[in-house]
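Comments concern the structure below.
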Amino acid sequence: MAMEINILLVDDEAIDLEWLRRRVAGSEHLPLHSVRTATSGFAALKLMEQHRIDIILSDIRMPIMTGVEFARKAKELNPEVEIVFISGHQDFSYAREAIQLNASDYLLKPVGDDELNEMLSRLCSKIKQEREQDMSLSETLSLVNQELLLRWFNESAPGQVETHVQSVLTSYLQGASAVAIVEIDDMAWKMKGWSEEERSAWSSNASQFIRNFAQEHNLGMVIMTYDYHFVILAAVQEQHFNALLEELIRTFYQQFNCSITIGRGMYTTEAVKLHDSYRQAQAALSIKWIVGKNRLIQDASEWHPKERIASDLEEIVDRMLKAMLDYDLTTIDDCLLQLFAGDSPLSQKNDIYDIIIRITSKLHADLRQMNEHLYEILNWESHQPFVLFQFETVHDILSWLRRRFFELSERLYLKRQRQKRKLIDEITEYVKGRLDQKITLNEVAAHFDFTPNYLGHLFKVETNSLFSDFVGELRMKRVCELLQDPTKKVYEIAEQAGYKNIIYFNRQFKQHMGMSPGEYRKKHKI
């Protein structure tokens with residue numbers, strides 16, 4: 004990768020600033036990547052928070068925030084930045100302050116082209132040399148040394164670190180360092196079905212992206228470990244380290260449409276405590292299971308889980324089953340949240356899997372009592388709950404269960420609707436075949452093995468009418484059909500439709516049709 008240097012020009016005089024920008028940007032022989040400008044110290048600091056800046060050329064006398072004040076804050080943001088002051092005021096006090104700030108140079112306006120180019124060339128050469136030294140420092144950690152360092156990190160009681168590894172750690176610990184562990188999320192199932200070449204190519208791209216990010220932002224040393232995990236030794240101040248890790252999480256997702264989770268340990272200047280920092284990073288990453296992924300987790304010690312399964316599990320599952328049968332998705336969701344994310348959330352995977360097996364087993368047993376089969380309805384193998392072992396967080400499991408139980412509720416609802424419709428159709432045919440007889444709700448309920456109350460309720464819900472009205476409607480339809488035959492007498496028709504009293508029949512027909520049977524025939528020219 005070619006060396007790229009970013010320059011920031013700061014001057015409250017817009018004309019001077021533009022003239023300086025043109026001269027700097029026109030230096031084609033310099034390895035300049037970008038030349039940015041700002042008309043105040045405040046604007047310049049904001050740019051530094053958003054972009055890596057290697058060299059600053061700043062007017063020393065500016066209103067509100069002077070160049071010296073700006074330089075102090077700029078050094079806090081990036082101690083490695085090279086600062087050159089430019090001023091038209093030949094005042095020794097300014098030069099003295101520049102010296103105290105360890106400024107790289109102090110130029111007087113008007114600055115000649117040769118002087119400007121010589122200064123920029125010198126600073127670019129210095130930055131190039133420092134970057135080569137940093138790269139050389141990183142390369143001193145060979146694969147063998149990386150393995151030694153990781154073994155030391157993973158020792159339960161840290162012994163003496165290898166001398167040649169200690170020398171590398173020392174360079175990081177001079178300004179304090181910390182350990183962060185990066186984990187690429189969900190790779191176990193995302194790569195399912197990928198060829199070995201596809202896995203290798205993706206892993207290589209992801210690893211290179213993380214390494215490039217660390218190099219471009221001076222983040223620190225990156226060591227790839229196992230199963231899409233990376234260890235980072237911080238080379239920046241703590242507040243910048245956190246911000247850069249957050250930025251890594253965001254940009255990685257943008258690049259790969261895949262999230263990463265980072266656990267971070269404490270900052271320290273002692274090698275032994277750096278081992279503790281690694282342990283803290285591991286502990287922080289371990290609670291991803293509970294707190295979720297695609298985030299930076301800094302402290303696992305403040306999280307104190309409750310380790311009990313809901314004592315009212317049976318009651319909650321009963322309520323959830325009723326909600327499934329009623330197609331009440333809101334209550335299903337409430338029950339799941341109560342089980343997995345309520346006042347007593349579960350933290351251990353074994354507890355989670357245990358409660359899932361208990362839920363599905365109880366649902367299956369309850370549905371069997373209703374002549375339903377959980378696994379057949381969902382086309383679900385009885386061992387499929389173990390698919391949940393692939394998930395990395397409780398939230399993933401909860402989302403999966405929510406989808407499957409919503410699906411179960413919908414299928415149960417549709418199946419019950421079809422069954423009810425089929426039952427109504429069967430009862431209709433049964434009643435039609437006996438319209439010439441006396442038909443009672445008790446008789447029909449007994450024939451179909453229901454209680455009269457249930458059957459009466461079912462008819463009210465499904466047909467929006469009482470059973471007696473339903474039978475009356477069928478009788479009238481039969482009467483109208485029979486009246487189409489002019490050879491049949493009205494009293495014969497009444498008898499065939501189950502009316503034994505002709506006067507009652509006439510009254511019912513007129514009430515239902517708004518006319519007598521004779522008028523009905525005359526109207527329809529029968």
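First residue of the sequence shown: 4, per our numbering; consecutive thereafter. A virtual CB, placed ideally from N, CA and C, is assigned to each residue, including glycine. Here the structure is a predicted model, which means the values were calculated and not measured.
Beta-carbon spacing of residue i, residue j below 7 Å
i	j	result
LYS76	LEU48	yes
VAL239	ILE226	no
GLY459	PHE473	no
ALA284	ILE184	yes
ILE63	LEU11	no
TYR270	GLU241	yes
LEU251	LEU299	no
GLU85	ILE58	yes
ILE319	GLN341	yes
GLY91	MET68	no
ARG405	LEU339	yes
LYS291	SER262	no
LYS492	LEU485	no
GLY525	SER519	Checking the displayed sequence, the identity of residue 525 turns out to be Lys instead of Gly. Their beta carbons are not under 7 Å apart, which means LYS525 does not touch SER519 by this criterion.
VAL87	LEU111	no
THR272	LEU123	no
ALA497	ILE505	yes
TYR231	MET190	yes
DSSP three-state assignment for residue i, whether helix, strand or coil
i	result
ASP116	helix
MET194	coil
ASN81	coil
VAL239	coil
SER107	coil
SER468	coil
SER90	strand
GLU72	helix
MET518	coil
ILE63	coil
ALA41	strand
ARG55	coil
ASN215	helix
HIS232	strand
ALA500	coil
GLU273	coil
ASN221	coil
ALA287	helix
ALA183	strand
ARG267	strand
ILE506	helix
ASN208	helix
ASN445	helix
LEU11	strand
LEU35	strand
ILE226	strand
LEU299	strand
ASP331	coil
Pairwise C-alpha distance: residue j and residue i
i	j	result
GLN53	ILE8	15 Å
TYR523	MET479	12 Å
ASP346	ASN208	Note that ASP346 scores a pLDDT of 48, beneath 50, so its modelled location is shaky and nothing firm can be said.
ARG424	SER289	52 Å
LEU20	ALA46	14 Å
GLN487	LEU477	16 Å
ILE18	PHE244	37 Å
LEU324	TRP192	30 Å
ASP15	ASP116	21 Å
GLU133	ASN81	15 Å
ALA181	HIS278	9 Å
LEU328	SER159	53 Å
LEU151	SER203	25 Å
SER468	THR264	59 Å
LEU23	ASN215	31 Å
ILE335	GLU413	12 Å
LEU444	VAL464	16 Å
TYR330	ASP321	14 Å
PRO489	THR466	32 Å
ASP315	HIS398	21 Å
Cβ distance (whole Å) where residue i is taken to contact residue j below 8 Å
i	j	result
TRP403	PHE409	That pair is no contact at about 11 Å.
ALA28	VAL38	5 Å
LEU172	THR228	About 17 Å; that fails the 8 Å criterion.
TYR433	VAL447	7 Å
GLN301	ALA286	Not really, about 10 Å apart at Cβ, beyond 8 Å.
GLN169	ALA274	7 Å
Check whether the stretch 116–129 and the stretch 21–39 touch, using three or more Cβ-Cβ pairs below 8 Å as the test.
The stretch 116–129 vs the stretch 21–39: in contact.
So, does the stretch 212–231 touch the stretch 424–442, judging by three or more C-beta pairs under 8 Å?
Too few Cβ pairs lie closer than 8 Å, so no.
Taking 8 Å as the cut-off, does the stretch 500–509 touch the stretch 432–441 (at least 3 CB pairs, one atom from each stretch)?
As far as the Cβ criterion goes, the stretch 432–441 touches the stretch 500–509, which means the pair count is three or higher.
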